[in-house]
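Trainee: Protein chains in written order, with the working numbering: chain Y, 1 to 215; chain V, 1001 to 1131. The beta-carbon is built from N, C-alpha and C at its ideal position, and this holds for glycine as well. Keep in mind it's a predicted model, so treat the numbers as computed, not measured. First, the structure itself, so that you have it in front of you.
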């Protein structure tokens, strides 16, 4: 049937793409062609159907379609019910249940396995954190100890410096007045003090060289 | 189920007669097919048969698988007129109007020449050659 089908190419009808030696299938009369002489003044005969027959026919068809519609609905609902409760559905349900149980079991075993692994990991981690904490505590202790020692040393040094207390003040004043300090001196990079007019340390004799020491 | 009301307007599948057999000897398969497929195209399921030639007992034999027909109707398949008439005659569906119309027309009009002649001499001849 398809081998004989004609196609519409460039609006030219009744051409077959496939070569065949049998008769060409007629699809339709070409659109531009005129009406045939035999058909020019033809009036198609119209069947006369009396009104009561028409009414009867209509009634029959209406009833029939109504009944068919309801039947289809009924069949559809029946099929739904059967799908829920039929044999196939029951078997499917049973298989699904079994599958579900199997999978749950598998899941449980898997969970147990991973729980065990997790336990071990956590233990190791706990051990490590404990060690870390201990080490840090020890470090902290060390540091505080060192800090305290440093503080001690610092305080010692501060205490060692001569502070002028309230009782010593007059004595300190008298001492300061008695011993004036002369700051009019220069200093070079090595710390040698130049009080006079000499600018080279070699010119100053050994005994009179003064050197400021940095503490 | 998304919608409990199926749409019957778009009929994808159809229960209809497929003519097989040979020249001067038609034999129909009652078949579920997609509407656009040909008579010799793919068939979803064969659901019965209809022999148009009367047999030695002057019977035209029809076979129908009612369970499957019901299934396909539930799935929203359409039915062609001849199949609907056959099912109506069988009692599965209500009588098709066409059967009733044809019957009163047969009663009214004189009979006409038919190609398929009932076999004579074996069973009593039919009253109305139109049937």
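List the residues of chain Y that residue 1096/V touches, going by C-beta distances under 8 Å, in chain order.
Mentor: 64
Trainee: Taking one C-beta from the region 1037 to 1057 of chain V and one from the region 49 to 61 of chain Y each time, how about it: are there three or more such pairs within less than 8 Å?
Mentor: no
Trainee: Who pairs with residue 1045/V in a beta bridge, going by DSSP?
Mentor: The bridge partners DSSP lists for residue 1045/V are 1032/V.
Trainee: Excluding five sequence neighbours on each side, which residues of the same chain lie with their C-beta closer than 7 Å to the C-beta of residue 1093/V?
Mentor: If we look at residue 1093/V and ignore the five residues flanking it on each side, its Cβ neighbours are 1084, 1087.
Trainee: Quick check on this structure: which residue in 36/Y, 125/Y, 199/Y has the alpha carbon closest to the alpha carbon of residue 188/Y?
Mentor: 199/Y
Trainee: Sort 1038/V, 1024/V, 1069/V by Cα distance to residue 1051/V and report the nearest one.
Mentor: 1024/V
Trainee: Which first and last residues belong to the beta strand (DSSP E) in which residue 47/Y is found?
Mentor: Unbroken run through residue 47/Y: none, as it is neither H nor E.
Trainee: For residue 212/Y and residue 135/Y, what's the separation of their Cα atoms in angstroms?
Mentor: 47 Å
Trainee: Is residue 41/Y close to chain V? Criterion is C-beta to C-beta, closer than 7 Å.
Mentor: no
Trainee: Do the region 1064 to 1081 of chain V and the region 61 to 80 of chain Y meet, that is, are 3 or more Cβ pairs less than 8 Å apart?
Mentor: By the Cβ test, the region 1064 to 1081 of chain V is in contact with the region 61 to 80 of chain Y, since at least three Cβ pairs between them sit closer than 8 Å.
Trainee: Compare the beta carbon distance of residue 1062/V and residue 1044/V with 7 Å and say whether it is the shorter of the two.
Mentor: It is not a contact, given that the beta carbons lie outside the stated cut-off.
Trainee: Taking DSSP as the reference, what is the three-state secondary structure of residue 1002/V?
Mentor: Caution is warranted here: a pLDDT of 44 is assigned to residue 1002/V, below 50, making its placement in the model unreliable, and the coordinate value is therefore given only provisionally. In this structure, residue 1002/V counts as coil in the three-state DSSP scheme.
Trainee: Under 8 Å between beta-carbons, which chain Y residues line up against residue 1100/V? List them in chain order, please.
Mentor: Result: 60.
Trainee: Does DSSP classify residue 1093/V as helix, strand or coil?
Mentor: coil
Trainee: Measuring only the C-alpha atoms, how far is residue 1016/V from residue 108/Y?
Mentor: The alpha-carbon atoms of residue 1016/V and residue 108/Y are separated by roughly 55 Å.
Trainee: Can you look up residue 30/Y in the DSSP assignment and give me helix, strand or coil?
Mentor: coil
Trainee: Rounding to the nearest angstrom, what Cα-Cα distance links residue 192/Y and residue 144/Y in this structure?
Mentor: Rounded to whole angstroms, residue 192/Y and residue 144/Y show a C-alpha spacing of 41 Å.
Trainee: Considering only C-alpha positions, which residue in the set 194/Y, 177/Y, 110/Y is nearest to residue 183/Y?
Mentor: 194/Y
Trainee: What residues in the region 1044 to 1076 of chain V have a beta carbon less than 8 Å from any beta carbon of chain Y?
Mentor: 1070, 1071, 1073, 1074, 1075, 1076
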